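Structure, as structure tokens:
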Amino acid sequence: MSLSLLFFLVIGAVCLAAAFGVVISRQPVHSALFLLVNFASLAVLYVTLDAQFLAAAQVIIYAGGIVILILFVIMLIGGETNDFKAHQRTWSRLVGLGLGLILLAGLSYSAVQKLLPLPADPNAVLQGGAPKTVGLELFTNYILPFELVGILLLVALLGALVMGRQPEGAGEGIASLKASDR
Amino acid sequence: MIPTSYYLILAALIFAIGATGVLVRRNALIIFMCVEMMLNSVNLTLIALSRQWGNLNGQVFVFMIMAVAAAEVAVGLAILIANTRHRKSINIDEINLLKW
């Protein structure tokens, strides 16, 4: 077994274990931390796939932004739902598991049925996926989608602001809010 | 060099775990995280195939998906917080006002 294959297997196992952890954890905070591990190991896999810029973006956006946001919301609204109580409908869980297994069978069948040959030399075009190559591609062939993504982020920012706003008179009983009003 | 198919199978496994999580769990926040995980497994597929065919388009798509995922998280979490203010619960079985 070559060293790179061993590396892939170890990182892939970490990734899968973290994915299981997200689904199985009782506490939402543990789920969020498992999600962080999942994202980090995926970033490592991106480096092995000649996508260095995207690996960095993965760490910054997902691990640094999204997980932190989710953790903030968990701390804001608690998040205990007693998922594992007995009065939950058990058949819905069984059906979910069955459907998941069917999906897994279908997906892995389509991946296994036609094994791809080893790629020629990806470095000729990708050049390790360095920021320069990805940036050149983004700002020449994909400039319009890039600008549209900017507009999308602006709209999402405004939407989140509108929906997350406190309704009128919501902070009535909070002493620190009253103190800042004066 | 590791064959691309291995990456595809790993991505299929993560996607299936995420989808099962969405179906099985009742906590809206955990469902949210599972959706993020599914998006990430698709990103892995795109990057692996981008290397397979020696083509940068896949990596550009992943960049766009990351931006859309960030927007989705911001709006989705805002909806969750607004809903929690009204209903005091994030169990999706209790979020049923739109149900016929």
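For the record, the sequence lines run as chains A and B. With numbering that gives the first Met the number 0 applied, the first sequence covers 0 to 181. With numbering that gives the first Met the number 0 applied, the second sequence covers 0 to 99. All C-beta atoms in this analysis are idealised placements derived from N, C-alpha and C, irrespective of residue type, glycine included. Because the structure is a prediction, the values reported are computed rather than measured.
Take A:VAL46 and list the residues in its own chain whose beta-carbon comes closer than 6 Å to its own, dropping the five residues that flank it on each side. Excluding the 5 residues flanking it on each side, A:VAL46 has same chain C-beta neighbours closer than 6 Å at ALA54, in chain order.
Excluding the five sequence neighbours on either side, which residues of its own chain have a C-beta within less than 7 Å of the C-beta of B:ILE46, listed in chain order? Counting only Cβ-Cβ distances below 7 Å, and skipping sequence neighbours, we find GLY57, GLN58, VAL61.
Give me, in chain order, the residues of the same chain whose beta-carbon lies closer than 7 Å to that of B:MET37; leave out the 5 immediate sequence neighbours on both sides. The residues are PHE14, GLY17, ALA18.
Report the neighbours of A:MET162 on chain B: residues whose CB is nearer than 9 Å to its CB, in chain order. Neighbours of A:MET162 across chain B, judged by C-beta separation under 9 Å: VAL74, ALA77, ILE78, ILE80, ALA81.
Could you please give me the residues that DSSP links to B:ASN26 through a beta bridge? According to DSSP, B:ASN26 bridges with B:ASN90.
Find the nearest neighbour of A:GLY127 within the set A:LEU48, A:ILE59, A:LEU106, judged by alpha-carbon distance. Checking every option, the nearest Cα to that of A:GLY127 belongs to A:LEU48.
A:SER107: first and last residue of the uninterrupted alpha helix (DSSP H) it sits in: Segment 89–111, the alpha helix (DSSP H) holding A:SER107.
Go ahead and label A:VAL9 buried or exposed: buried means 16 or more other beta carbons lie within 10 angstroms of its beta carbon, across all protein chains shown. Its Cβ having fewer than 16 others within 10 Å, A:VAL9 is exposed.
Given a cut-off of 7 Å, decide if A:PRO27 and B:LEU28 are closer than it, judged by their beta-carbon atoms. Contact flag set, yes.
Quick check on B:LEU7 - is its C-beta less than 7 Å from some C-beta in chain A? So, interface residue.
Amino acids of chain D, ordered along the chain, whose beta-carbon sits closer than 8 Å to that of A:LEU152: Reference to chain D is not applicable here, since the protein chains of this structure are A and B.
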